[in-house]
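Counting in the numbering used here, the sequence shown runs from 1 upward without gaps. Even glycine gets a Cβ: it sits at the ideal position worked out from N, Cα and C. Source: prediction; values computed, not measured.
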Amino acid sequence: MTPMSRRVMNLAHALTQAAARHPDRIAIDWGGRTWTWRAFDARVSRLAGALEARGIAKGDRLLVHARNGNPILEIMYAAFRLGAVFVPTNHRLMPDDVAYLAQQSGARAFLCQADNPAHVAAVRAACPDLGLVVTLGEGPAEGEPYEGLFAGEGGPVPNAAVEYDDPCWFFYTSGTTGKPKAAVLTHGQMAFVITNHLCDLMPGTTPEGDVSLVVAPLSHGAGIHALTQVARAVTTVLPEGERFDAGEVWALIERHRVTNLFTVPTILKMMVEHPAVARHDHASLRYVIYAGAPMYREDQKRALRTLGPVLVQYFGLGEVTGNITVLPPALHDPEDGPGVRVGTCGIERTGMEVQIQDAEGREVPAGTQGEICVCGPAVFAGYWNNPKANAEAFRDGWFRTGDLGVLDDQRFLTITGRASDMYISGGSNIYPREIEEKILTHPAVAETAVLGVSDPTWGEIGIAVLVLREGAALSEEDLLAYLADKVARYKLPRRVFLRPALPKSGYGKITKTMVREDLEAAGLLPLASPPLAGRP
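Structure follows, in structure tokens:
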């Protein structure tokens, strides 16, 4: 039987619906500036029309390097409307990092914050055939002004016809090589993800009863969360400031009667410990969703006692768009007891299946550790132009997460470790190989190993262990200064240790376990002093 094409809803149709059903309700409130659903939809159409007139067509990739604000949401939906692909970056990335993403994605257009001229220059140099550069906001960067794309009149632009496997978003995620890989998210997959998020994370969400607050970058998990709000015509509120400010967040929650938000454990901890939490009414909150890293039990208990039964935890990688497990409010409890599974990340998401497998891909019994594997409609289509990574990531139809875990007899999942060396700091995945390669460009460094160690504030922080070349000298401060313009600030190691040699396995390989044991034996771990390099 010949396979039939599977036409699906273009994700931009959710915006079409919201504008038709709730034209005068507020869609976006950014620092007091508001856009109704009618206005938001009209701007998306005019932007889509302008991009189309400049040669952007279905399947083209739009690389976007922007801070939170209405433009990133408008660009996202304009890309969907055209059947193009939204390719957001982490706004804290260095110019060379963004240039690599431009090359790897085959971007046809680059939309960049205007105060990042170095990023524009790097992308232009890396992609001399780039068709379009647009700059957002005020700044010196060269490119066509974003607001200039809205000049003149423009009627509605129809949503392009799309099929289930048509890509809509390249979600960049690094692997053991340290080089980012583009996880291809599709219209069909993301329609399921939106439905699943509304089912498992925020049941009962309505345009009349809910307001959402953005406290994390829209380029990643918060952007996925925003899709669900558009699907239910829920107002999205964005803080005015560029940096996280817990006092501003609590004031916005009270002012707008915010009911849901997505965050990471580090930010949630900051919010709960800020004195403003006691000064502002937060009784409107129904779902405070956290993901991206484990949350210390004491922090979890304090959040529950401060906010009440509103916490929702989920576990999931970018490749599965967060859709692996969920721990809803009813399964959170501030008191330890026999019914509380401390450390668990919950049960399987609706429509998804988790299996714990051994090294040969065989399912292991309940209570046995193995690799966490998952299948279901939320699993991505594969990595863009990376057959080797795809072959490693999939086995017999299962997506291999690279994380280790245990399922109990009631199918609650507990993460027990990582198959890779990746560590999580402040909710951000950090991959040592990328940083090690930058460190090794210093002429004084012969060998290095970067690893994550526990930290009470950030969950984990990175430390770098160095072996210097014979006769060379290098201080901790000097190395951090050297890395300052080469590594994004949030990826910088927080401590640097000099060692006469790095321990190696019988095969001559530097293993992080042996490096950690060597530091412990030398009395350097656990850290006896606070990190030198602060967080952004």
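- Beta-bridge partners assigned by DSSP to Ser428: Ser425.
- Comparing alpha carbon positions, the residue from Asn385, Gly402, Ala226, Trp30 closest to Met190 is Ala226.
- Under the criterion of beta carbons closer than 8 Å, Phe262 and Ala222 qualify as touching, at roughly 5 Å.
- Secondary structure note for Thr441: it is in no alpha helix (DSSP H), with a DSSP letter that is neither H nor E.
- In the DSSP assignment, Leu311 falls within the beta strand (DSSP E) that extends over 311-315.
- Per DSSP, Ile194 is one residue of the alpha helix (DSSP H) stretching across 187-200.
- A contact between stretches requires three or more CB pairs, one per stretch, nearer than 8 Å, and the stretch 144-160 meets this requirement with the stretch 40-47.
- Counting only residues of its own chain and dropping the five nearest sequence neighbours on each side, His197 has a CB closer than 6 Å to the CB of Thr228.
- Around the beta carbon of Asn323, a 10 Å sphere encloses 16 or more other beta carbons of the protein chains shown; the residue is thus reported as buried.
- Annotated as proximal: Leu62 and Ala107, with beta-carbon spacing under 8 Å.
- According to DSSP, residue pairing for Tyr172 in a beta bridge involves Ala182.
- Within its own chain, the residues whose Cβ lies closer than 6 Å to the Cβ of Trp169, once the five positions on either side in sequence are excluded, are Phe86, Leu185, listed in chain order.
- Sorting Val249, Arg33, Leu51 by C-alpha distance to the C-alpha of Asn70 places Arg33 at the top.
- Counting C-beta atoms within 10 angstroms of its own C-beta, Pro456 has fewer than 16 neighbours from the protein chains shown and is therefore classed as exposed.
- In this structure, the CA atom of Thr325 is about 41 Å from the CA atom of Leu498.
- The beta carbons of Arg67 and Gln113 sit closer together than 8 Å.
- When secondary structure is reduced to three states using DSSP, Lys491 falls in the helix class.
- In the displayed model, Ala109 falls within a strand according to three-state DSSP.
- Per DSSP, the beta bridge partners of Lys504 are Ile510.
- The three-state secondary structure of Tyr383, taken from DSSP, is strand.
- Listed as beta-bridge partners of Ala449 by DSSP are Val465.
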